[in-house]
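S.K.: In the order they appear, the protein sequences are chains A and B. Each residue of the first sequence is one higher than the one before, starting from 1 at the first, in this note's numbering. Each residue of the second sequence is one higher than the one before, starting from 1001 at the first, in this note's numbering. Quick one: this structure, given as C-alpha cells, is what I'll be asking you about.
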Amino acid sequence: MRLPLAEHRYGEHGVVLPPERSDSNDALDVDLDMRRQLYRSMREMRTFEKRAYDLFMKQLVKGTSHLSLGMEAIAAGFGAAMQEDDYTFATYRGHAHTLARGVPMTPVLAELLGRANGLMGGKGGSMHLTSVEHGMMGSYAIIGAHLTIANGAAWSAQYRGSGQVAVCFFGDGTTNIGAFHEALNYAAVYRLPVVFVCENNLYMEYTSIRDITAVAHPAADRAAAYGLESIVVDGNDADAVHLAALEALDRARSGRGPSLVEALTYRHGGHSRADPGKYRPTGEVDAWKAYDPLTIYRERLGRLGVSEAELDAMDATALALVDAATEGAIAGELPSPESAFTDVWADGGWSWRN
Amino acid sequence: MAQLSYRDAVARGIAQEMRRDERVVVVGEDIAGAGGVFKTTVGLLDEFGPKRVIDTPISEQAILGAAMGAAMTGLRPVAEIMFSDFFAVCWDIVVNQIAKTRYMTAGQVTMPLVIKTGNGGGLRFGAQHSQSIENWAMAIPGLKVVTPSTAEDVVGLMAAAIRDDDPVIFCEHKGLYAAKGEVPDGEIIDTLGTAKVRRPGRDATILALGMMVPRALAAAEDLATRGIDAEVIDVRSLVPLDTRTILDSVARTGRLFTVEENPQLLGWGAEIASLVADEAFWDLDGPVQRITTPHIPLPSADSLEDLVMPSAESVARTVEKALQS
Chain A
1 MRLPLAEHRY GEHGVVLPPE RSDSNDALDV DLDMRRQLYR SMREMRTFEK
51 RAYDLFMKQL VKGTSHLSLG MEAIAAGFGA AMQEDDYTFA TYRGHAHTLA
101 RGVPMTPVLA ELLGRANGLM GGKGGSMHLT SVEHGMMGSY AIIGAHLTIA
151 NGAAWSAQYR GSGQVAVCFF GDGTTNIGAF HEALNYAAVY RLPVVFVCEN
201 NLYMEYTSIR DITAVAHPAA DRAAAYGLES IVVDGNDADA VHLAALEALD
251 RARSGRGPSL VEALTYRHGG HSRADPGKYR PTGEVDAWKA YDPLTIYRER
301 LGRLGVSEAE LDAMDATALA LVDAATEGAI AGELPSPESA FTDVWADGGW
351 SWRN
Chain B
1001 MAQLSYRDAV ARGIAQEMRR DERVVVVGED IAGAGGVFKT TVGLLDEFGP
1051 KRVIDTPISE QAILGAAMGA AMTGLRPVAE IMFSDFFAVC WDIVVNQIAK
1101 TRYMTAGQVT MPLVIKTGNG GGLRFGAQHS QSIENWAMAI PGLKVVTPST
1151 AEDVVGLMAA AIRDDDPVIF CEHKGLYAAK GEVPDGEIID TLGTAKVRRP
1201 GRDATILALG MMVPRALAAA EDLATRGIDA EVIDVRSLVP LDTRTILDSV
1251 ARTGRLFTVE ENPQLLGWGA EIASLVADEA FWDLDGPVQR ITTPHIPLPS
1301 ADSLEDLVMP SAESVARTVE KALQS
C-alpha cells in the first residue's frame, strides 16, 4: 500500500482510503489456532475499549484517555509474536498493548477508574499502564521519549545476553520529534534488539500527518536514513502484522539489529476523550470503519471454516471478561490517602530530608 | 593516602564500583576513547573494555533514555551529560521519565542510575556552558542531587550514588576539576544526604556547595583575622538534604548565610532559608542572607564573570557587614 502523498502540499489533505478488501491474505502463513488467538485478542481489546468509553460517559473514568478502537490488529499481531520475557513500551494509547501482554483486565480497568486495585494503585492512570511482571514496561505520555527508553532495555538485554527484544509502539506524530531520530540512530549504531512500530493512523492528534510531514510515509520513508529497511504493513490485517512482527523480532533476537515497521491503520474515534475527530472527512472515516480489523478478520476466519457459532462464542467470552472486569473495577476501593506518599524513592517513602 | 585531582577522583570512584559490580556501565559523549572532555573517565575503557564504557552520538535524549531503560532492566548505568547546560535538551527524560516512573508505577520500577555532569561557572565559557543547575533538579520529586567539593568526597559520593537504587544527579564542578586533595587509599563509600562541617565556628553559619565551598572557607579565614568565627558547612547533597546539620549549626551561631553560584531566584538557598524560617526562626539573631550570582546569565569575560559570581571577598564582606549591623 503506497499513500499518494509525495506531491502533497500543506493543507491539501485529500481522503486516504484503505486498501480494497480481498481474500488474498487468507493464504498467509498463519495457522488457524494462531488466527483464533488473534481474533480473540482483538475482540477482547475492542470490547474493553468500548467499555472504557462507556465508563467515561458515565464519568467513572476521570481525566483523559486515548482509545485504540480500530487499531487492534497491531497490538494483537505483535502481542502474539512476542516471547514472554520480551519488553513492551507503549504510548498513552496503550490499553490494548497492555492487554496484549496478558495483563488481566480488572486491574487495567480499575486503574482507569482510579481505584486501589488498579494496576498501579491509581498512581499512574490510563496513560501510564505498566506491568513489569508481564513485560509491559510502561506507557509513556511524552511523545518520543519511550523510543530512547526501549533502546535502554534492549541494550540491557544485549549486555546480559538474555535474548530478549524490546518492542516500542508509537504514533505517526512521533516521527517528527527529535527523540525519534536520536533513538533510531542510536539503536542502529549499537545494533540493539529493538523493534520500533509506528502505528500510522494518518492523524497526528487533530492534524493530518500528511500536512506536517515531508515524506509520504512518516516512518518508513525515514528508515533509510538509519540504514534500516523500509517496511510498510497493513496495520488493520492481523495476519500481515503478525508476520511482520515475527520477522522483526527474529531479526532483533538473532543479533541483526533494530527494525522500523510502519503499520497503516485508522482510529475510529478522536485523539482523546476531548476530541470528536470532526476534522476527518466523512468518506474517509466510513471507508476505514468498513475496513475494520475485526470485520475483515472475522470474514477471513469464516472463509477458513471457523463457524459463526464459534466466533459468537469468542465474542461472548470477551464480553463476559469485560463485564467481570467492570464489576471488579467498580467494586474497588479508593486508594488510601497514604498511598500518595509512597514509592517516590526505592525505600518506599517520599522524604527529602532528615 | 595520596594526592588526587578532583577529575581523577571521578574516574577512581566509578572504577571502584565497576570492579565490584558488573552491572555498572558508563555511557556518554567522548567518555570512552578520549576519557571525557574533562578527562573524568580516563582509564575506564582500558580497564573495563568497550562493552562497559561506551562512546555515544551527540544525542542527550538517547543517552539518558538508554540509561533509564537499562536501569529498569537490571543494569546500573552512569551516564554523562557533558555540560549540565545540556540538560535543557533532555530534560523530558530526566524530569518526566526518570524521576517519575517509580512513583507512577507504584514501585514496580527501580531506577538505579547516575547522571554525572560538568556543572558550574568560573571557566569563562559564557552563559550556555557555565550554569549551576542543582536547583533545577532539586525542584523535581524523585531526583537525588549531589555536588561534591573535594576529591575524597567525589570518590565516596560517586560510590554511594552508584550503589543507590534511586536516580542521582551528580554535579561535578568544572572549576574544581584541577583541584587536588588528600584521598585515602582503599575503598571509599560516603553517604548521600549528609552535609559536612568544613570549619567549625561560633558566630555565623555559612552554607556552600561545590566551588563555593573553598570560597566560603577562604572567606571564613579572612573573617577570623577580624574576630569573626564563621562555621562553614559543605551542603554536598541537596536531595536528600541534611537539615539536622544545618539547623544544629544555626541554633549555635544564630546567623545563616548561603553562598550559591546559581542565579538568585529560587536558588537552593531559598529553600533552606524558608526551612530555617519555619523551623529555627527563634534561633536567629538576624535575617538569613543569601549570597548568589545576581539574576543574570553568566557573562563570558573573566572580569565580568568574576564580578558577578560570589567570591571569598564578597562573602566575607557580606557576613562582616551583617554581623556588625
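Cβ atoms here follow ideal geometry from the backbone N, Cα and C, with glycine treated the same way. Given the structure is predicted, the values throughout are model-derived calculations rather than measurements.
With 8 Å as the threshold, decide whether the Cβ of G178 (chain A) is near any Cβ in chain B.
M.R.: Against the first sequence, residue 178 (chain A) aligns to sequence position 178. Chain B, which has a Cβ nearer than 8 Å to the Cβ of G178 (chain A), makes this yes.
S.K.: Applying the 10 Å Cβ sphere with the 16-neighbour rule, what's the burial state of L1307 (chain B)?
M.R.: Sequence index remark: in the second sequence, residue 1307 (chain B) carries index 307 (1-based). It is exposed - the Cβ of L1307 (chain B) has fewer than 16 other Cβ atoms within 10 Å.
S.K.: Within its chain, find whatever has a CB closer than 6 Å to the CB of A318 (chain A); leave out the 5 residues flanking it on each side and keep chain order.
M.R.: Mapped onto the first sequence, residue 318 (chain A) falls at position 318. R43, E44 and T47.
S.K.: Between A1137 (chain B) and chain A, is there a C-beta pair that is closer than 8 Å?
M.R.: Residue mapping note: residue 1137 (chain B) aligns to position 137 of the second sequence, counting from 1. For A1137 (chain B), the answer is no, since every Cβ of chain A falls outside 8 Å of its Cβ.
S.K.: Chain A partners of S1249 (chain B), CB-CB under 9 Å?
M.R.: Looking up residue 1249 (chain B) in the second sequence gives position 249. Near S1249 (chain B) there are no residues of chain A at all, since even the closest Cβ is about 14 Å away, more than 9 Å.
S.K.: Using a cut-off of 9 Å between C-beta atoms, extract the partners of G1269 (chain B) located in chain A.
M.R.: Position 269 of the second sequence holds residue 1269 (chain B). Correct list: empty, because the minimum Cβ distance to chain A is about 15 Å.
S.K.: Quick check on this structure: which residue in B:A1159, B:K1116, B:M1111 and B:C1171 has the alpha carbon closest to the alpha carbon of N1135 (chain B)?
M.R.: Locating residue 1135 (chain B) in the second sequence gives position 135, counting from the first residue. Ranking the options by Cα distance to N1135 (chain B), first place goes to B:C1171.
S.K.: So the alpha helix (DSSP H) M136 (chain A) belongs to, where does it begin and stop?
M.R.: Reading the first sequence from its first residue, position 136 is the one you call residue 136 (chain A). Segment M136 to Y140 is the beta strand (DSSP E) holding M136 (chain A); no alpha helix (DSSP H) there.
S.K.: With distance defined between alpha-carbon atoms, name the residue in A:R298, A:R191 and A:E338 nearest to Q158 (chain A).
M.R.: To locate residue 158 (chain A), count along the first sequence from 1; it is residue 158. Per the Cα distances, A:R191.
S.K.: Do E111 (chain A) and G122 (chain A) count as a contact pair if the criterion is CB distance below 8 Å?
M.R.: In the first sequence, residue 122 (chain A) corresponds to position 122, counting from 1. In the first sequence, residue 111 (chain A) corresponds to position 111, counting from 1. Yes, they are a contact pair.
S.K.: Round the Cβ separation of I1228 (chain B) and L1298 (chain B) to the nearest angstrom and send it over; I've been treating them as touching at under 8 Å.
M.R.: To locate residue 1228 (chain B), count along the second sequence from 1; it is residue 228. To locate residue 1298 (chain B), count along the second sequence from 1; it is residue 298. Rounded, the Cβ-Cβ distance is 29 Å, inconsistent with contact.
S.K.: Measure the beta-carbon distance from D1283 (chain B) to V1235 (chain B) and round it to whole angstroms, keeping in mind my assumption that it falls under 8 Å.
M.R.: Residue 1283 (chain B) sits at position 283 when you count from the first residue of the second sequence. Residue 1235 (chain B) sits at position 235 when you count from the first residue of the second sequence. At roughly 18 Å, the Cβ-Cβ gap does not stay under 8 Å, so D1283 (chain B) and V1235 (chain B) are not in contact.
S.K.: If T1243 (chain B) and L1275 (chain B) are in contact, beta carbons under 8 Å, what's the gap, nearest whole angstrom?
M.R.: As a working note, residue 1243 (chain B) is residue 243 in the second sequence. As a working note, residue 1275 (chain B) is residue 275 in the second sequence. Indeed, because the Cβ distance is near 6 Å, the residues count as touching under 8 Å.
S.K.: Looking at the C-beta of G138 (chain A), does it have a partner C-beta in chain B at a distance below 8 Å?
M.R.: Counted from its first residue, the first sequence places residue 138 (chain A) at position 138. At least one chain B Cβ lies under 8 Å of G138 (chain A).
S.K.: Comparing alpha-carbon positions, which option in A:F170, A:A183, A:P104 and A:R353 lies nearest G152 (chain A)?
M.R.: Indexing the first sequence from 1 puts residue 152 (chain A) at position 152. Of the candidates A:F170, A:A183, A:P104 and A:R353, the one whose C-alpha sits nearest the C-alpha of G152 (chain A) is A:A183.
S.K.: Between the alpha carbons of L147 (chain A) and Y140 (chain A), how many angstroms are there, rounded?
M.R.: Stepping through the first sequence from its first residue, residue 147 (chain A) is reached at position 147. Stepping through the first sequence from its first residue, residue 140 (chain A) is reached at position 140. Rounded to the nearest angstrom, the two C-alpha atoms are 10 Å apart.
S.K.: Starting from K278 (chain A), follow the beta strand (DSSP E) in both directions and report where the run begins and ends.
M.R.: Working through the first sequence from its first residue, we reach residue 278 (chain A) at position 278. Run containing K278 (chain A): none; DSSP gives neither H nor E here.
S.K.: Who are R1199 (chain B)'s beta bridge partners in DSSP?
M.R.: Walking along the second sequence from the start, residue 1199 (chain B) turns up at place 199. According to DSSP, R1199 (chain B) bridges with B:V1232.
S.K.: List the residues of chain B that G348 (chain A) touches, going by C-beta distances under 9 Å, in chain order.
M.R.: For this step, residue 348 (chain A) is matched to residue 348 along the first sequence. Correct list: G1107.
S.K.: Does the contact criterion of 3 or more C-beta pairs under 8 Å hold for the stretch 1110-1117 of chain B versus the stretch 119-134 of chain A?
M.R.: No, they do not touch.
S.K.: How many whole angstroms separate the CB atoms of G1118 (chain B) and F1087 (chain B), which I take to be in contact at a CB cut-off of 8 Å?
M.R.: Within the second sequence, the letter at position 118 stands for residue 1118 (chain B). Within the second sequence, the letter at position 87 stands for residue 1087 (chain B). Actually they do not touch by this definition, with Cβ atoms about 11 Å apart.
S.K.: Is any beta-carbon of chain B found at less than 8 Å from that of N117 (chain A)?
M.R.: The residue given as residue 117 (chain A) occupies position 117 in the first sequence. Answer no: the Cβ-Cβ gap between N117 (chain A) and chain B never drops below 8 Å.
S.K.: Any chance you could list the beta strand (DSSP E) runs of at least 3 consecutive residues sitting entirely within the stretch 88-162 of chain A, in chain order?
M.R.: List check, beta strand (DSSP E) in window: 136-140.
S.K.: For chain A, find out if any of its Cβ atoms is closer than 8 Å to the Cβ of G1074 (chain B); answer yes or no.
M.R.: As a working mapping, residue 1074 (chain B) is identified with position 74 in the second sequence. Yes - at least one Cβ of chain A is within 8 Å of the one on G1074 (chain B).
S.K.: With 8 Å set as the bound, which would you pick, yes or no: does the beta-carbon of K123 (chain A) sit closer than that to a beta-carbon of chain B?
M.R.: Walking along the first sequence from the start, residue 123 (chain A) turns up at place 123. So, interface residue.
S.K.: Look at the alpha carbon of S73 (chain A) and the alpha carbon of D239 (chain A), and state the distance between them as a whole number of angstroms.
M.R.: As a first step, residue 73 (chain A) is located in the first sequence; it is residue number 73 there, counting from the start. As a first step, residue 239 (chain A) is located in the first sequence; it is residue number 239 there, counting from the start. Sequence inspection shows Ala at residue 73 (chain A); the Ser mentioned does not correspond to that position. Cα to Cα, A73 (chain A) sits roughly 8 Å from D239 (chain A).
S.K.: Could you say which of B:I1296, B:A1301, B:R1252 and B:V1288 lies nearest to K1321 (chain B) if we only look at CA atoms?
M.R.: To locate residue 1321 (chain B), count along the second sequence from 1; it is residue 321. If we check each option's Cα against that of K1321 (chain B), B:V1288 comes out closest.
S.K.: Between the alpha carbons of H217 (chain A) and S259 (chain A), how many angstroms are there, rounded?
M.R.: Position 217 of the first sequence, counted from the first residue, corresponds to residue 217 (chain A). Position 259 of the first sequence, counted from the first residue, corresponds to residue 259 (chain A). Their backbone Cα atoms lie some 15 Å apart in a straight line.
S.K.: Report all residues from its chain with a CB closer than 6 Å to the CB of E1182 (chain B); omit the five preceding and five following residues, and keep chain order.
M.R.: For the purposes of this step, residue 1182 (chain B) is taken as the residue at position 182 of the second sequence. If we look at E1182 (chain B) and ignore the five residues flanking it on each side, its Cβ neighbours are M1001.
S.K.: Cβ closer than 7 Å: which chain A residues qualify as neighbours of A1093 (chain B)?
M.R.: Mapped onto the second sequence, residue 1093 (chain B) falls at position 93. In the sequence as displayed, the identity of residue 1093 (chain B) is Ile instead of Ala. Near I1093 (chain B) (Cβ distances below 7 Å), the residues of chain A are A145 and T148.
S.K.: Out of B:D1166, B:S1237, B:V1155 and B:V1145, which one is the CA nearest neighbour of W345 (chain A)?
M.R.: Indexing the first sequence from 1 puts residue 345 (chain A) at position 345. Taking only the C-alpha atoms, the option nearest W345 (chain A) is B:D1166.
S.K.: Among A:R51, A:R40 and A:T295, which has the Cα closest to the Cα of I330 (chain A)?
M.R.: Numbered from its first residue, the first sequence carries residue 330 (chain A) at position 330. Here the closest residue by C-alpha is A:R51.
S.K.: Starting from A313 (chain A), follow the beta strand (DSSP E) in both directions and report where the run begins and ends.
M.R.: For the purposes of this step, residue 313 (chain A) is taken as residue 313 along the first sequence, with counting starting at 1. No beta strand (DSSP E) contains A313 (chain A), which is instead part of the alpha helix (DSSP H) from E308 to I330.
S.K.: Quick check on the DSSP output: the beta strand (DSSP E) that includes Q1016 (chain B) runs from which residue to which?
M.R.: Position 16 of the second sequence, counted from the start, is the residue given in the question as residue 1016 (chain B). Element bounds for Q1016 (chain B): not the beta strand (DSSP E) but the alpha helix (DSSP H), Y1006 to R1020.
S.K.: If you measure from the beta carbon of K1116 (chain B) to each beta carbon in chain A, is any gap under 8 Å?
M.R.: Your numbering for residue 1116 (chain B) matches position 116 in the second sequence. No, no contact with chain A.
S.K.: Would you mind sorting S336 (chain A) into buried or exposed? The rule is 16 or more other CB atoms within 10 Å of its CB.
M.R.: As a first step, residue 336 (chain A) is located in the first sequence; it is residue number 336 there, counting from the start. Flag for S336 (chain A) reads exposed.
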